[in-house]
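Peer 1: Right, I'll just put the structure down here and ask away after.
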Amino acid sequence: MASVSCPLQRTFSRPATSPVLCPERLWVLSVQRYGRDRGFSLYFPQNISSSDSLYDATLTDGDCRLRVTLDPSLNRLVERNVFRCGAQLRHVTFSPGESVGEEEEGGGGGRRTYRLVSVEVAGDGGGEGGMEGLTPGVEPERLPWYGAQPDPERDPGSHPADPALTPGPVHLERAQAPSLLPLRARRSCYLPLWNNQDYSGPAWRETPNAEYSEDSDQDVEDVRATVTLAELQEDFLSRKGGATARRGVARGVLVVRVLNKSRVMYYGKSDSNCLCPYKAVLEVCDVSGCVCVCVLWNSVCVSWYGRLRPGQVLKTRGFRVKESYDTRDHQHIEISLNSRNPSAEISIVPEFSLSAEVRLLCPSYSFCNGTGLLSCPHGNICDVIGLVVFSGRPERIRSKDGQGKELLEYRWLRLEDGTSDQPIMIKLFSTSQPETHNKILPLSVVVCTRLQMVRDSSCCYLTNTTYTQIYCTGSGHHSVMPYRKLRPVRQFVQWLRSVDDRQVLSRAVVGGYFIYPPPPVSLDAYAKNRKGMTVPAEGGRSLSGRLSDFSTERDATSVSRQPSPWLLTAVKERRTSV
């Protein structure tokens with residue numbers, strides 16, 4: 001409960017229309033990112049920023065919490081990882097303002113909030129030991145919001161608020177818990193902090209028991225398609241405007257199987273007020289044998305993306321038929337699922353509910369082992385399974401598309417499958433599976449699907465395609481995916497049972513600064529490959545010798561080479577889930 005000595009209470013004790021200074025320490029509990037919209041100039045009239053991102057932060061003084069928006073001039077502190085969770089702040093200047101009006105389904109009206117216009121980052125109090133300086137035993141997530149009354153049921157030890165601290169009519173709006181939506185833009189959820197390809201927030205979380213819909217009894221009794229993809233395509237191409245394609249709105253029920261699933265695509269723009277600018281693409285087929293793409297738009301994407309996986313059977317109605325932009329593989333149409341015009345209805349149906357005459361194509365896999373990859377041509381698409389022996393730290397590069405503003409996040413993986421002395425190298429970008437990526441550790445069994453071979457004269461490695469997905473030990477994927485019974489997977493599992501865990505642990509590596517292909521071992525070797533390049537007089541010393549001066553510091557700060565408890569836990573999880 002906020003007390004009389006609460007720094008935030010003293011800072012905002014009187015109504016103010018000008019910036020106010022809080023000279024005492026505050027701590028950062030969370031930082032969240034979202035894309036700006038058309039209202040940017042209204043909330044930040046004096047600011048000229050080239051960034052498309054805005055940041056909201058949750059601060060605490062140890063007694064209560066407060067949500068604020070960072071002024072765009074402070075974005076660089078977040079982008080350089082200076083302003084981050086656990087950081088201690090001093091001399092914080094707040095400017096009062098109004099947040100965007102909440103949508104009708106979220107509650108009423110605008111709300112008074114604060115903008116952080118200047119700050120001094122005193123240090124980082126985060127880490128395993130918690131935030132240094134906070135009262136021992138304080139649980140930040142249980143602290144009340146600034147101006148809110150304590151809840152005796154939630155905190156039985158709390159006492160009635162001091163009348164002097166009870167919000168008056170002027171501050172009545174602050175007595176309620178703040179909105180958990182972005183404060184300075186009309187967006188339905190936040191973006192990940194470091195890329196636009198993942199998702200973030202509870203709205204995306206996979207719901208339990210999503211294998212069956214709420215009306216599963218009806219689905220089991222009546223899983224019949226009244227229209228097929230082949231019929232929709234014929235109607236669309238003939239331009240007859242029949243009952244199934246009038247005005248693009250198709251009437252009927254489709255029953256399809258998901259063959260492939262893309263990553264999430266964010267298309268939010270600073271000149272657009274789209275509430276939920278997300279989409280994802282599914283490659284689906286039905287009983288007619290026709291294959292096409294199915295696009296999940298906006299809130300349908302948010303609600304359903306985490307529930308869907310290749311191999312599932314979907315029943316849907318209320319969709320539009322549009323011309324496909326991707327004409328490869330003779331895909332002339334795409335199925336568009338949106339929350340309105342019309343409102344799509346989707347349900348996941350169990351396999352056993354399909355009648356015997358309904359035969360749907362299953363997802364196809366093309367597994368390639370370490371030996372096969374040695375002769376795999378450039379551009380070939382394949383799937384791999386392997387034991388992780390190296391998991392690199394996440395790195396970011398600028399996108400080559402457009403103006404290069406968007407940042408792409410990737411990491412290097414090194415897998416072994418027992419078929420070759422050469423490891424399987426993967427440059428893994430985001431696949432919109434953040435929970436799975438966090439579990440990729442040495443001794444995990446990983447299956448990567450729809451990877452593309454990149455080969456040149458110096459190296460070869462695998463990297464993402466549009467439909468790349470990754471499945472990892474500890475996520476419950478291997479037991480439900482169709483690839484489990486395939487011969488290459490069974491051969492790998494047989495080899496895995498013969499692996500000496502301690503021998504793998506002795507060479508397991510995490511993090512570090514990894515370069516692939518590796519640099520030349522000496523300046524002489526480098527110069528031989530560069531026509532007209534002379535070797536300096538002091539060039540006799542190898543690059544590895546020069547780098548050895550920094551090896552102690554590098555290994556201590558970036559690379560974990562010794563077995564640790566979580567590696568032993570990974571061994572147990574691998575044995576029980578594969």
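For what it's worth, UniProt numbering labels the leading residue of the sequence shown as 1, then goes sequentially. Just so it is clear, CB atoms sit at the ideal spot from N, CA and C, and this is done for glycine as well.
(1) Is Val249 helix, strand or coil by DSSP?
(2) In whole angstroms, give me the CA-to-CA distance for His478 and Gln9.
(3) Give me the Cβ distance between Cys459 and Tyr410, rounded to the nearest whole Å; I'm assuming they're in contact under 8 Å.
(4) Tell me the residue span of the alpha helix (DSSP H) that contains Asp235.
(5) Going by DSSP, name the residue or residues bridged to Pro394.
(6) Using only the alpha-carbon positions, how far apart do Ala344 and Tyr43 sit?
(7) Sort Pro136, Cys85, Leu74, Asn81 by Cα distance to Arg115 and report the nearest one.
(8) Within 10 angstroms of the Cβ of Ala280, are there 16 or more other Cβ atoms? Answer buried if so, exposed if not.
(9) Just to confirm my understanding: we take Gln32, look at its own chain, exclude 5 residues before and 5 after, and list those with CB closer than 6 Å. What are they?
(10) Please classify Phe83 as buried or exposed, where buried requires at least 16 other C-beta atoms within 10 Å of its C-beta.
(11) Alpha carbon to alpha carbon, how far is Gln88 from Trp297?
(12) Please report the distance separating the alpha-carbon of Phe12 from that of Pro144.
(13) Residue ranges of each alpha helix (DSSP H) run of no fewer than 4 residues wholly in the segment 308 to 374, ordered along the chain?
(14) On the criterion of 16 or more Cβ atoms from any shown chain inside 10 Å, does Asp421 qualify as buried, or is it exposed?
(15) Per DSSP, what kind of secondary structure is Glu283 in: helix, strand or coil?
(16) When the Cα of Arg25 is compared with those of Pro15, Tyr34, Asp63, Pro19, which residue comes out closest?
(17) Which two residues bound the contiguous beta strand (DSSP E) that contains Arg502?
(18) Among residues of its own chain, excluding the 5 on either side of Thr449, which ones have a beta-carbon nearer than 6 Å to its beta-carbon?
(19) Would you call the CB atoms of Leu66 and Val78 closer than 8 Å?
(20) Taking Glu79 as part of the alpha helix (DSSP H), name the residues at either end of that continuous run.
(21) Please identify the residue among Asn195, Trp27, Pro23 whose C-alpha is closest to the C-alpha of Asp52.
(22) Say whether chain B places a C-beta atom closer than 8 Å to the C-beta of Leu181.
(23) According to the neighbour-count rule (16 or more other Cβ atoms, all chains shown, within 10 Å of its Cβ), is residue 579 buried or exposed?
(24) Do Ser475 and Glu435 have their beta-carbon atoms positioned less than 8 Å apart in this structure?
(25) Work out the CA separation of Ser299 and Ala203 for me, nearest whole Å.
(26) Leaving aside the five residues before and after Gln218 along the sequence, list all residues of the same chain whose C-beta is less than 7 Å from its C-beta, in chain order.
(27) For Leu193, tell me which candidate among Leu407, Thr466, Cys362, Lys485 has the shortest Cα-Cα distance.
(28) Go ahead and pull the three-state DSSP assignment for Leu42.
(29) Less than 8 Å between the CB atoms is what I'm expecting for Cys285 and Leu259, so what's the real figure, rounded?
(30) Have a look at Val313 and Ala225 and give me their C-alpha separation to the nearest angstrom.
(31) In the DSSP assignment, what residue or residues form a beta bridge with Trp412?
(32) Using alpha carbons as the reference points, say which of Arg257, Phe40, Ile381, Leu134 lies closest to Val28.
(33) If you follow the alpha helix (DSSP H) that Ala527 is in, where does it begin and where does it stop?
(34) Measuring alpha carbon to alpha carbon, tell me which residue in Leu360, Cys85, Gly248 is nearest Ser288.
(35) Does Gly318 pass the burial test, meaning 16 or more other C-beta atoms within 10 Å, or should it be called exposed?
(36) Over what stretch of residues does the beta strand (DSSP E) that includes Leu259 continue unbroken?
Peer 2: In short:
(1) The residue labelled residue 249 in the question sits at position 249 within the sequence shown. Strand at Val249.
(2) Stepping through the sequence shown from its first residue, residue 478 is reached at position 478. Stepping through the sequence shown from its first residue, residue 9 is reached at position 9. Those two C-alpha atoms are separated by around 52 Å.
(3) Along the sequence shown, read from residue 1 onward, the residue named residue 459 stands at position 459. Along the sequence shown, read from residue 1 onward, the residue named residue 410 stands at position 410. The pair is not a contact, with the Cβ atoms about 15 Å apart (cut-off 8 Å).
(4) What you label residue 235 is simply residue 235 of the sequence shown in a count that begins at 1. From DSSP, the alpha helix (DSSP H) with Asp235 extends over 229 to 238.
(5) Locating residue 394 in the sequence shown gives position 394, where the first residue counts as 1. Paired residue(s): none; Pro394 is not in a bridge.
(6) Locating residue 344 in the sequence shown gives position 344, where the first residue counts as 1. Locating residue 43 in the sequence shown gives position 43, where the first residue counts as 1. Answer to the nearest angstrom: the Cα atoms are 35 Å apart.
(7) For the purposes of this step, residue 115 is taken as residue 115 along the sequence shown, with counting starting at 1. Of the candidates Pro136, Cys85, Leu74, Asn81, the one whose C-alpha sits nearest the C-alpha of Arg115 is Leu74.
(8) Residue 280 sits at position 280 when you count from the first residue of the sequence shown. With 16 or more Cβ atoms within 10 Å of its Cβ, Ala280 is classed as buried.
(9) Locating residue 32 in the sequence shown gives position 32, where the first residue counts as 1. Excluding residues within five positions, the ones whose Cβ falls inside 6 Å are Asp56, Tyr190.
(10) For the purposes of this step, residue 83 is taken as the residue at position 83 of the sequence shown. Counting every other CB atom within 10 Å of its CB across the protein chains shown gives Phe83 a total of 16 or more, marking it as buried.
(11) Locating residue 88 in the sequence shown gives position 88, counting from the first residue. Locating residue 297 in the sequence shown gives position 297, counting from the first residue. The straight-line gap from Cα to Cα measures roughly 40 Å.
(12) Taking the first residue of the sequence shown as 1, we reach residue 12 at position 12. Taking the first residue of the sequence shown as 1, we reach residue 144 at position 144. Rounded to whole angstroms, Phe12 to Pro144 spans 16 Å at the Cα level.
(13) The segment 308 to 374 contains these whole alpha helix (DSSP H) runs: 370 to 373.
(14) Position 421 of the sequence shown, counted from the first residue, corresponds to residue 421. Asp421 counts as exposed, since fewer than 16 other beta carbons sit within 10 angstroms of its beta carbon.
(15) Counting from one through the sequence shown, the residue named residue 283 turns up at place 283. In the structure shown, Glu283 sits in a strand (DSSP, three-state: E or B).
(16) Position 25 of the sequence shown, counted from the start, is the residue given in the question as residue 25. The option with the nearest alpha carbon to Arg25 is Asp63.
(17) Here residue 502 corresponds to residue number 502 of the sequence shown, with the count starting at 1. Where Arg502 is concerned, there is no enclosing beta strand (DSSP E), although the alpha helix (DSSP H) it sits in stretches over 501 to 505.
(18) Along the sequence shown, read from residue 1 onward, the residue named residue 449 stands at position 449. Only residues of its own chain outside the window of five on either side were considered, and among them Asp383, Gln469 have a CB closer than 6 Å to the CB of Thr449, listed in chain order.
(19) Position 66 of the sequence shown, counted from the start, is the residue given in the question as residue 66. Position 78 of the sequence shown, counted from the start, is the residue given in the question as residue 78. With respect to the 8 Å criterion, Leu66 and Val78 are not classified as neighbours on the basis of their beta carbons.
(20) What you label residue 79 is simply residue 79 of the sequence shown in a count that begins at 1. Unbroken alpha helix (DSSP H) run through Glu79: 75 to 79.
(21) Here residue 52 refers to the residue found at position 52 of the sequence shown. Taking only the C-alpha atoms, the option nearest Asp52 is Asn195.
(22) In the structure shown, chain B does not exist; there is a single protein chain.
(23) No answer is possible for residue 579: the residues shown for the chain start at 1 and end at 578.
(24) Position 435 of the sequence shown, counting from 1, holds the residue named residue 435. Position 475 of the sequence shown, counting from 1, holds the residue named residue 475. In this structure, Ser475 lies closer than 8 Å to Glu435 by Cβ.
(25) As a first step, residue 203 must be located in the sequence shown, where it is residue number 203. As a first step, residue 299 must be located in the sequence shown, where it is residue number 299. About 10 Å.
(26) Position 218 of the sequence shown holds residue 218. At Gln218 the pLDDT is 46, less than 50, meaning the model places this residue with poor confidence; the figure from the coordinates comes in the next sentence. Within the same chain, Gln218 has no close Cβ partners at all.
(27) Residue mapping note: residue 193 aligns to position 193 of the sequence shown, counting from 1. That would be Leu407, whose Cα lies nearest to the Cα of Leu193.
(28) Here residue 42 corresponds to residue number 42 of the sequence shown, with the count starting at 1. Helix.
(29) What you label residue 285 is simply residue 285 of the sequence shown in a count that begins at 1. What you label residue 259 is simply residue 259 of the sequence shown in a count that begins at 1. Confirmed, Cβ separation roughly 6 Å.
(30) In the sequence shown, counting from the first residue as 1, residue 313 sits at position 313. In the sequence shown, counting from the first residue as 1, residue 225 sits at position 225. Roughly 12 Å separates the two Cα atoms.
(31) Against the sequence shown, residue 412 aligns to sequence position 412. DSSP lists Lys427 as partners of Trp412.
(32) In the sequence shown, residue 28 corresponds to position 28, counting from 1. Among Arg257, Phe40, Ile381, Leu134, the Cα nearest to that of Val28 is on Leu134.
(33) Along the sequence shown, read from residue 1 onward, the residue named residue 527 stands at position 527. It spans 523 to 528 - the alpha helix (DSSP H) in which Ala527 sits, taken as one unbroken run.
(34) In the sequence shown, counting from the first residue as 1, residue 288 sits at position 288. Ser288 has its Cα closest to that of Leu360, out of Leu360, Cys85, Gly248.
(35) Position 318 of the sequence shown, counted from the first residue, corresponds to residue 318. Flag for Gly318 reads buried.
(36) Within the sequence shown, numbered from 1, the residue matching residue 259 stands at position 259. Per DSSP, Leu259 belongs to the beta strand (DSSP E) from 254 to 261.
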